[in-house]
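One structure is given here, and the rest of the page talks about it.
Protein chains: 2
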Amino acid sequence: MMQSNFQRPTEAELEILQVLWTSGPSTVRQINDTLQTKREVGYTTTLKLLQIMAQKNLVEVDKRQRTHIYEASIEQETTQKQLVDQLLDAAFGGSAKKLVMQALGNKKTSQKELEEIKKMIERLEGGAQ
Amino acid sequence: MMQSNFQRPTEAELEILQVLWTSGPSTVRQINDTLQTKREVGYTTTLKLLQIMAQKNLVEVDKRQRTHIYEASIEQETTQKQLVDQLLDAAFGGSAKKLVMQALGNKKTSQKELEEIKKMIERLEGGAQ
DNA sequence: CATTTATTACGAAATCTTTCGTAAAAACTA
DNA sequence: TAGTTTTTACGAAAGATTTCGTAATAAATG
Chain A
7 MMQSNFQRPT
17 EAELEILQVL
27 WTSGPSTVRQ
37 INDTLQTKRE
47 VGYTTTLKLL
57 QIMAQKNLVE
67 VDKRQRTHIY
77 EASIEQETTQ
87 KQLVDQLLDA
97 AFGGSAKKLV
107 MQALGNKKTS
117 QKELEEIKKM
127 IERLEGGAQ
Chain B
7 MMQSNFQRPT
17 EAELEILQVL
27 WTSGPSTVRQ
37 INDTLQTKRE
47 VGYTTTLKLL
57 QIMAQKNLVE
67 VDKRQRTHIY
77 EASIEQETTQ
87 KQLVDQLLDA
97 AFGGSAKKLV
107 MQALGNKKTS
117 QKELEEIKKM
127 IERLEGGAQ
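If you read the sequences in order, they're chains A and B.
The numbering of the first sequence is the working numbering, which starts it at 7 and goes up by one.
The numbering of the second sequence is the working numbering, which starts it at 7 and goes up by one.
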């Protein structure tokens, strides 16, 4: 039996998850310092968010030391998949093609990456094409 | 001078925009009926949302008849572009490739659509040369 | 015309999200 | 040890979003 308990992380939560996915397990101080490079955000704000995220099981906390260590407990890829699925449903009427066209059309993507995407498409097509 | 007034539509607003993009100008009753096929939602809830959306200039209202007609005032493609950009930034560290891979990996996309995407990639590769 | 039905207007409750202030506890420092 | 710094805990304010109840108005119906 499959249960799909996806609770969409909020914008602020995603921001923190990004840090954790990139840097691995971190202290509040480290996370807050990273966030600070992008915008003003109070230390206790970050702390509170992490505590809420722990309640929601978006992160795990290691409390063995006084300075707690937070770690993402949902995978980046899983989360990305669900966010894409949600966006597909919410704004693209489920058409992956349209979403892909938008993503490629808007952003400058390198030759190399375009090649990789093409290879993936060929894999999806069955390699025969 | 260019003003970029993108105020991200909320989830509920996107849901309504989808209806308007799909069905064109509609009455509150029509919109609400469409929404009802997916979930419970009160008539006045939909009305209120539309009134808020009108304030935000997400929709235009024709009030010449007693029964008002609402129409999307932002384009689907423009909105999609901005939502994709935002998702790219928020969850994919800006990598269009990763987003595309997710979108294609998760969703069943038809051969025909895959071909179209490939053609688009080839156009991009050609242009960028 | 009187009654019912449909629609708009609008305030406000309920909820969710983000932010921060304050306090307590622990660790460090002089 | 006394004072300073760091960290956690937690309530609550502020803001945004969603939902709905009620009332007023207009239209339709009998």
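Backbone N, C-alpha and C define an ideal beta-carbon position, used for all residues, glycine too.
Quiz item: Whole-angstrom Cβ separation of GLU77 (chain A) and PRO31 (chain A), contact assumed at under 8 Å?
Solution: Locating residue 77 (chain A) in the first sequence gives position 71, counting from the first residue. Locating residue 31 (chain A) in the first sequence gives position 25, counting from the first residue. Confirmed, about 4 Å.
Quiz item: So, is GLU119 (chain B) buried or exposed, given that buried needs 16 or more other C-beta atoms within 10 angstroms?
Solution: The count along the second sequence starts at 1 and reaches residue 119 (chain B) at position 113. Looking at its Cβ environment, which holds 16 or more other Cβ atoms inside 10 Å, GLU119 (chain B) is buried.
Exercise. Name the one or two DSSP bridge partners that VAL67 (chain B) has.
Key: Counting from one through the second sequence, the residue named residue 67 (chain B) turns up at place 61. Paired residue(s): B:TYR76.
Quiz item: Is there at least one Cβ from chain B nearer than 8 Å to LYS22 (chain A)'s Cβ?
Solution: The residue given as residue 22 (chain A) occupies position 16 in the first sequence. Note on residue identity: the sequence assigns Ile, not Lys, to residue 22 (chain A). It does not: the Cβ of ILE22 (chain A) has no partner Cβ on chain B nearer than 8 Å.
Quiz item: Does the beta-carbon distance from LEU64 (chain B) to LEU23 (chain B) come in below 8 Å?
Solution: Sequence index remark: in the second sequence, residue 64 (chain B) carries index 58 (1-based). Sequence index remark: in the second sequence, residue 23 (chain B) carries index 17 (1-based). Result yes, Cβ atoms of LEU64 (chain B) and LEU23 (chain B) sit closer than 8 Å.
Quiz item: Skipping 5 residues on each side, what residues in its chain have a beta carbon closer than 7 Å to that of ALA18 (chain A)?
Solution: Walking along the first sequence from the start, residue 18 (chain A) turns up at place 12. Excluding residues up to 5 positions away in sequence, LEU55 lie with their Cβ nearer than 7 Å to the Cβ of ALA18 (chain A) in the same chain.
Self-check item: the segment 99-116 of chain B: positions lying closer than 9 Å to chain A by Cβ
Solution: Correct list: GLY99, GLY100, SER101, ALA102, LYS103, LYS104, LEU105, VAL106, MET107, GLN108, ALA109, LEU110, GLY111, ASN112, LYS113, LYS114, THR115 and SER116.
Quiz item: Within the 8 Å Cβ cut-off, does LYS69 (chain A) reach chain B?
Solution: The count along the first sequence starts at 1 and reaches residue 69 (chain A) at position 63. No, no contact with chain B.
Practice problem: Leaving out five residues on either side along the sequence, give the residues of the same chain with a beta carbon under 7 Å from the beta carbon of GLN3 (chain A). | Solution: Absent from the structure is residue 3 (chain A), since the part of chain A shown begins at 7 and ends at 135.
Quiz item: Going along the chain, which unbroken runs of the alpha helix (DSSP H) with 4 or more residues stay wholly within the segment 20-55 of chain B?
Solution: Counting whole runs of 4 or more residues, the segment 20-55 of chain B contains the alpha helix (DSSP H) stretches 34-42.
Quiz item: Do LYS104 (chain A) and GLU122 (chain B) have their C-beta atoms closer together than 8 Å?
Solution: Looking up residue 104 (chain A) in the first sequence gives position 98. Looking up residue 122 (chain B) in the second sequence gives position 116. It is not a contact, given that the beta carbons lie outside the stated cut-off.
Exercise. Give, in chain order, every unbroken run of the alpha helix (DSSP H) that is at least 4 residues long and sits entirely within the segment 80-127 of chain B.
Key: 82-97 and 102-112
Practice problem: Could you work out which residue in B:GLU83, B:GLY111 and B:THR52 is closest to MET107 (chain A) when comparing CA atoms only? | Solution: By 1-based counting over the first sequence, the position of residue 107 (chain A) is 101. Per the Cα distances, B:GLU83.
Quiz item: Just how far apart, CA to CA, sit VAL47 (chain A) and GLU128 (chain B)?
Solution: Taking the first residue of the first sequence as 1, we reach residue 47 (chain A) at position 41. Taking the first residue of the second sequence as 1, we reach residue 128 (chain B) at position 122. Those two C-alpha atoms are separated by around 43 Å.
Quiz item: Could you give the distance in angstroms between the alpha-carbon of ALA97 (chain B) and the alpha-carbon of THR73 (chain B)?
Solution: Counting from one through the second sequence, the residue named residue 97 (chain B) turns up at place 91. Counting from one through the second sequence, the residue named residue 73 (chain B) turns up at place 67. Roughly 42 Å between the two C-alpha positions.
Quiz item: CA-CA distance, GLN61 (chain B) and LEU26 (chain B)?
Solution: Here residue 61 (chain B) is taken as the residue at index 55 of the second sequence, counted from 1. Here residue 26 (chain B) is taken as the residue at index 20 of the second sequence, counted from 1. If you take the alpha carbons of GLN61 (chain B) and LEU26 (chain B), they lie about 17 Å apart.
Exercise. Helix, strand or coil for GLN61 (chain B), going by three-state DSSP, please let me know.
Key: Residue mapping note: residue 61 (chain B) aligns to position 55 of the second sequence, counting from 1. Correct three-state label for GLN61 (chain B): helix.
Quiz item: Taking the alpha carbon of LEU20 (chain A) as the point to measure from, which residue in B:LEU93, B:ASN38, B:ARG35 and B:LYS114 has its own alpha carbon closest?
Solution: To locate residue 20 (chain A), count along the first sequence from 1; it is residue 14. The shortest C-alpha separation from LEU20 (chain A) is found at B:LEU93.
Exercise. Would you identify the three-state DSSP class for ARG129 (chain A), choosing helix, strand or coil?
Key: The residue given as residue 129 (chain A) occupies position 123 in the first sequence. Residue state, collapsed to three classes: helix.
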